[in-house]
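Colleague: Here the sequence shown stands for residues 657 to 868, where the numbers follow the numbering used here. The beta carbon of each residue, even a glycine, is placed where N, CA and C say it ideally should be. Note that the structure is predicted; figures quoted are calculated from it, not measured. Provided herewith is a single structure, encoded as structure tokens, for subsequent inquiry.
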Amino acid sequence: MNCDFINLKKAKKYRHFSNCFSSNIEVVKELLDSGMKIIQYREKDKKIIEKHKECEIIRRLTKEYGADFIINDDIDIAIIVNADGVHIGQDDLPIEKVRKLVGDEIIIGLSTHSPEQAIDAAKRSADHIGVGPIFRTSTKKDVCEPVRLKYLEYVIKNIDIPFVAIGGIKEHNIDEVAACGAKCIALVTEIVGADNITQKIIDIRRKMGIFS
């Protein structure tokens, strides 16, 4: 599974998975116990039946904790487990096709890497967009070159729909992203790869002035 979105405005965290470090379910439990309010699942290496089983469990856990659950790419699983949202990439099905499949109750997020893609996503009624990769990242093998802070600044000034800054963001550079005005920031390996996930979340919250 794959990443952690810190909503600086609401002092919440948003966790996105693609985890090779420990059990996805174990990590989800630790994240929820640490106060995560949105869990995003991204699993590229497992069979569809395995992903479905994990998502069924994660859906149950997120409901117990009052957290939202978003699934990357696997629209069919999102529908089956009644996820709160799906997230797709530029090479996936068009937003309009996805909307017909999931209906109006499931939110749709779209990854973007340029001003043109952000404008297009807003016009096509994406519920939110991913903005990145801000810095170089090892999480995705086929990702484009870093867009840096310039693209993030463009989105903040010109795009009205919600967005998440993502890609290569670590504890040591998260303040640069926040200083640009990003309200929702994603961390992946920085959290999942930590020896102590709970303590890492506490450390980042403290650095960002988030205490709840």
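Kindly provide the ranges of any beta strand (DSSP E) runs that are 3 or more residues long and lie completely inside the segment 743-773, ordered along the chain.
Modeller: With a minimum length of 3 residues, the continuous beta strand (DSSP E) runs that stay inside the segment 743-773 are 763-768.
Colleague: Shortest alpha-carbon distance to Glu801 belongs to which of Ile790, Leu757, Gly745, Ala821?
Modeller: Among Ile790, Leu757, Gly745, Ala821, the Cα nearest to that of Glu801 is on Ile790.
Colleague: Please tell me whether Ile866 and Ala842 are closer than 8 Å, where the distance is taken between their beta carbons.
Modeller: No, the Cβ-Cβ distance between Ile866 and Ala842 is not below 8 Å.
Colleague: Pick out the complete beta strand (DSSP E) segments inside the segment 815-854, 3 residues or longer, and give them in chain order.
Modeller: Within the segment 815-854, the complete beta strand (DSSP E) runs of at least 3 residues are 819-821, 840-843.
Colleague: CA-CA distance, Ile763 and Gly741?
Modeller: Near 4 Å, if we compare the C-alpha coordinates of Gly741 and Ile763.
Colleague: At the 8 Å Cβ level, is Pro789 part of the contact set with chain C, yes or no?
Modeller: Going by chain labels, chain C is absent from the structure shown, which holds only one protein chain.
Colleague: If you measure between the beta carbons of Ile681 and Ile713, is that distance less than 8 Å?
Modeller: In contact: Ile681 and Ile713 (Cβ atoms closer than 8 Å).
Colleague: Give me the residue from Leu687, Asp730, Ile694, Met692 with the minimum Cα distance to His708.
Modeller: Ranking Leu687, Asp730, Ile694, Met692 by Cα distance to His708 puts Asp730 first.
Colleague: Taking its Cβ as the centre, do 16 or more other Cβ atoms sit within 10 Å of Ser781, making it buried, or is it exposed?
Modeller: Label assigned to Ser781: exposed.
Colleague: Do the CB positions of Glu720 and Thr854 come within less than 8 Å of each other?
Modeller: No, they are not a contact pair.
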